[in-house]
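The sequence shown begins at 156 in the numbering used here and counts up by one.
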Amino acid sequence: MKRRVPHDRLFKELLGTFLYEFLELFLPELAERIEPGSLVLMGEKELLLPGERARRADLVARAHLRGEEKEAFFLIHLEHEAQNKDPYGFPRRMLRYALHLYDSTGLNVYPIALISYPSPKRELSDRFELHGPDGHRIFSFHYRVIQLNRLQWRDYARNPNPVAAALMSRVGIAPGERPLVKLACLRLLKKLKLGADRSVQVAKFFENYLQLDEKEEEQFRDEFGKISPKEQEDMAEFITSWHEKGRQEERQRTEEERQRAEQERRRAEQERQRAEQAERERDILAARLRELGIDPALPSD
Numbered sequence: 156m157k158r159r160v161p162h163d164r165l166f167k168e169l170l171g172t173f174l175y176e177f178l179e180l181f182l183p184e185l186a187e188r189i190e191p192g193s194l195v196l197m198g199e200k201e202l203l204l205p206g207e208r209a210r211r212a213d214l215v216a217r218a219h220l221r222g223e224e225k226e227a228f229f230l231i232h233l234e235h236e237a238q239n240k241d242p243y244g245f246p247r248r249m250l251r252y253a254l255h256l257y258d259s260t261g262l263n264v265y266p267i268a269l270i271s272y273p274s275p276k277r278e279l280s281d282r283f284e285l286h287g288p289d290g291h292r293i294f295s296f297h298y299r300v301i302q303l304n305r306l307q308w309r310d311y312a313r314n315p316n317p318v319a320a321a322l323m324s325r326v327g328i329a330p331g332e333r334p335l336v337k338l339a340c341l342r343l344l345k346k347l348k349l350g351a352d353r354s355v356q357v358a359k360f361f362e363n364y365l366q367l368d369e370k371e372e373e374q375f376r377d378e379f380g381k382i383s384p385k386e387q388e389d390m391a392e393f394i395t396s397w398h399e400k401g402r403q404e405e406r407q408r409t410e411e412e413r414q415r416a417e418q419e420r421r422r423a424e425q426e427r428q429r430a431e432q433a434e435r436e437r438d439i440l441a442a443r444l445r446e447l448g449i450d451p452a453l454p455s456d
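Here is the structure:
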């Protein structure tokens, strides 16, 4: 049985680390205008959308225009959709985020929608518009849409970009090609030489989305056997190293979750004890009032 994929966490971790590389891959004209080292992720408070339902923007970063004055900042808002739950409400939500971010910071906002669900594959709208009864366009809000299910993995297999290596697992893949995609991801990741931590992050992403069944694993081994012995040796060593790194991270995450659960248990126990103490004190007070001939159920003057 396939593992449940934590879509939001995987995408936020990947894009939080490789946001500039993401822009280089999909929006190169925008990336050229940005100082690469200027991207700063916004805090949790700025991402919260006010209203009747608590919503939090997926990722917002402040960026500085290359070669401009110090004040030349703007915001990049990247919203990820892993499930096709509310296609008609999504453009309105993108508008609300943009207006909230602009109002709260005074900075221009560049909104981007990243769509990663497999279907439907019809081209999604990139705008929210209001029209009058006579057809007059009252308002038009545009955002960029990157729709992964309309892309093909072979177009990214040789692109020296860590986001290309990761997102190949979420674009269009023909039946029977998943083992080929996994091998292409591994070969590209090996060539990028990102270092242990960043390599594990990319590998963890595509391994979650390329969970091969027994037949696919056999096909993967066959394809792996077709590459040169030297590359096989290098890749085997590389895979072993980041698998071990991944296991260490997983052990650390499990321990942190255990500690958080223990803290929650202790807090709940403290609350229970305080509630019991308050109940005991109320009982003692009620007993003393009865001794004085006062009914504790009646309000005092």
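Every residue gets a Cβ at the ideal spot worked out from N, C-alpha and C, and that includes glycine. A quick note: this is a predicted structure, and the numbers were derived from the prediction, not measured.
When we look at the beta-carbon of GLU176 and count the other beta-carbons within 10 Å, is it buried (16 or more) or exposed?
-> Sequence index remark: in the sequence shown, residue 176 carries index 21 (1-based). The residue is buried, with at least 16 neighbouring Cβ atoms inside 10 Å.
Figure out for me which residue from ARG221, GLU184, GLY380 has the closest Cα to the Cα of GLY192.
-> Position 37 of the sequence shown, counted from the start, is the residue given in the question as residue 192. It is ARG221.
In angstroms with no decimal places, state the Cα-to-Cα distance between ARG413 and HIS162.
-> Along the sequence shown, read from residue 1 onward, the residue named residue 413 stands at position 258. Along the sequence shown, read from residue 1 onward, the residue named residue 162 stands at position 7. Approximately 22 Å, taken between the alpha carbons.
DSSP three-state call for GLY350: helix, strand or coil?
-> In the sequence shown, the residue the question calls residue 350 occupies position 195. The three-state reading of DSSP puts GLY350 in coil, since its state is none of H, G, I, E or B.
From GLU207 to ALA351, what distance separates their C-alpha atoms?
-> Sequence index remark: in the sequence shown, residue 207 carries index 52 (1-based). Sequence index remark: in the sequence shown, residue 351 carries index 196 (1-based). Low confidence applies to GLU207: its pLDDT is 47, below 50, so where it sits in the model is not reliable, and the reading given next is rough at best. Spanning the two alpha carbons is a distance of roughly 43 Å.
Supposed contact pair LEU365 and VAL336 - C-beta distance, whole angstroms, cut 8 Å | Locating residue 336 in the sequence shown gives position 181, counting from the first residue. Locating residue 365 in the sequence shown gives position 210, counting from the first residue. Contact between VAL336 and LEU365 holds, since their C-beta atoms are separated by about 6 Å, short of 8 Å.
Look up TYR265 in the DSSP assignment and give the residues it is bridged to.
-> Locating residue 265 in the sequence shown gives position 110, counting from the first residue. Residue pairing of TYR265 in beta bridges, as defined by DSSP: ILE231.
Nearest CA to the CA of PHE294: which residue from PHE166, PRO288, ARG309, GLU284?
-> As a working mapping, residue 294 is identified with position 139 in the sequence shown. When each option's Cα is compared against that of PHE294, the closest is GLU284.
Closest residue to TYR99 among HIS235, ILE189, ASN239 (Cα-Cα distance) = A question about residue 99 goes unanswered here, because the residues of the chain that appear run from 156 up to 456.
In chain order, what residues of the same chain lie with their CB nearer than 6 Å to the CB of SER324, ignoring the 5 residues before and after it?
-> Residue numbering aside, residue 324 sits at position 169 when the sequence shown is read from its first letter. The answer, listed in chain order, is PHE361, TYR364, LEU365.
Among PRO384, ILE231, GLN407, LEU338, which one has its Cα closest to the Cα of GLU373?
-> On the sequence shown, residue 373 is found 218 positions in, with the first residue counted as 1. Nearest of PRO384, ILE231, GLN407, LEU338 to GLU373, Cα basis: LEU338.
CA-to-CA distance, GLN238 to MET249, given in whole angstroms = Taking the sequence shown and counting its residues from 1, one reaches residue 249 at position 94. Taking the sequence shown and counting its residues from 1, one reaches residue 238 at position 83. In this structure, the straight-line span from the alpha carbon of MET249 to that of GLN238 is close to 16 Å.
ALA218, buried or exposed, once every other Cβ within 10 Å from all chains shown has been counted against 16 | Along the sequence shown, read from residue 1 onward, the residue named residue 218 stands at position 63. Residue environment for ALA218: buried (at least 16 other C-beta atoms within 10 angstroms of its C-beta).
Starting from the C-beta of GLU440, find all residues in its chain whose C-beta is less than 8 Å away, skip the five residues before and the five after it, and write them out in chain order.
-> Looking up residue 440 in the sequence shown gives position 285. One detail in the question is off: residue 440 reads as Leu in this sequence, not Glu. Cβ neighbours of LEU440 within its own chain (closer than 8 Å, five residues either side excluded): PRO451.
Report yes if the CB atom of LYS346 is closer than 7 Å to the CB atom of MET390, and no otherwise.
-> On the sequence shown, residue 346 is found 191 positions in, with the first residue counted as 1. On the sequence shown, residue 390 is found 235 positions in, with the first residue counted as 1. Not closer than 7 Å, so no.
Over what stretch of residues does the beta strand (DSSP E) that includes GLN295 continue unbroken?
-> Residue mapping note: residue 295 aligns to position 140 of the sequence shown, counting from 1. Here the sequence assigns Ser to residue 295, which means Gln is not the residue at that position. Unbroken beta strand (DSSP E) run through SER295: 292-297.
Whole alpha helix (DSSP H) elements within the stretch 320-379, 4-residue minimum | Here the runs fully enclosed are 333-347, 351-364, 369-379.
Range covered by the beta strand (DSSP E) that runs through GLU284 | By 1-based counting over the sequence shown, the position of residue 284 is 129. Unbroken beta strand (DSSP E) run through GLU284: 282-286.
By Cβ distance below 7 Å, which residues in the same chain neighbour GLN307 in space, the five residues on each side in sequence not counted?
-> As a position in the sequence shown, residue 307 is number 152, starting the count at 1. Cβ within range, chain order: VAL326, GLY327.
Please state whether DSSP places GLN428 in a helix, a strand or coil.
-> One-based indexing of the sequence shown puts residue 428 at position 273. Note: GLN428 maps to helix in three-state DSSP.
In whole angstroms, what separates the C-alpha of GLN418 from that of ARG164?
-> Taking the sequence shown and counting its residues from 1, the one referred to as residue 418 is at position 263. Taking the sequence shown and counting its residues from 1, the one referred to as residue 164 is at position 9. A direct Cα-to-Cα measurement between GLN418 and ARG164 gives close to 22 Å.
Buried or exposed: where does ILE231 fall if 16 or more other Cβ atoms within 10 Å of its Cβ makes it buried?
-> Numbered from its first residue, the sequence shown carries residue 231 at position 76. When all chains shown are included, ILE231 counts as buried.
Would you please state the rounded distance, in angstroms, between the beta carbons of PRO104 and LEU367? I believe it to be under 8 Å.
-> In this structure the chain extends from 156 to 456, so residue 104 is not present and cannot be described.
What is the residue span of the beta strand (DSSP E) that LEU214 lies within?
-> Stepping through the sequence shown from its first residue, residue 214 is reached at position 59. Unbroken beta strand (DSSP E) run through LEU214: 214-219.
Does DSSP classify GLU207 as helix, strand or coil?
-> Translated into the one-based positions of the sequence shown, residue 207 becomes position 52. In this prediction, GLU207 has a pLDDT of 47, which is less than 50 and means its spatial position is unreliable; what the coordinates show is noted afterwards. GLU207: coil per DSSP, three-state reduction.
Would you tell me roughly how many angstroms separate the C-alpha atoms of ALA442 and GLY448, rounded to the nearest one?
-> As a position in the sequence shown, residue 442 is number 287, starting the count at 1. As a position in the sequence shown, residue 448 is number 293, starting the count at 1. Roughly 10 Å between the two C-alpha positions.
Pick from GLU332, VAL357, ALA312: whose alpha carbon is nearest that of GLU371?
-> Along the sequence shown, read from residue 1 onward, the residue named residue 371 stands at position 216. With respect to the C-alpha of GLU371, the residue from GLU332, VAL357, ALA312 having the closest C-alpha is GLU332.
Pull up the distance between the alpha-carbon of PHE393 and that of PRO183, whole angstroms please.
-> As a first step, residue 393 is located in the sequence shown; it is residue number 238 there, counting from the start. As a first step, residue 183 is located in the sequence shown; it is residue number 28 there, counting from the start. Going by the C-alpha atoms only, they are around 30 Å apart.
Nearest residue (CA-CA) to PRO266, options ILE301, CYS340, GLU369, LYS348 | As a working note, residue 266 is residue 111 in the sequence shown. Of the candidates ILE301, CYS340, GLU369, LYS348, the one whose C-alpha sits nearest the C-alpha of PRO266 is ILE301.
When the Cα atoms are used, what is the spatial distance from LEU169 to LEU180?
-> As a working mapping, residue 169 is identified with position 14 in the sequence shown. As a working mapping, residue 180 is identified with position 25 in the sequence shown. Distance between the alpha carbons of LEU169 and LEU180 is about 14 Å.
Can you give the beta carbon distance from PRO246 to ARG292, rounded, assuming they're within the 8 Å contact cut?
-> By one-based count along the sequence shown, residue 246 stands at place 91. By one-based count along the sequence shown, residue 292 stands at place 137. Approximately 15 Å separates the beta-carbon atoms of PRO246 and ARG292; this is outside 8 Å, ruling out the contact.
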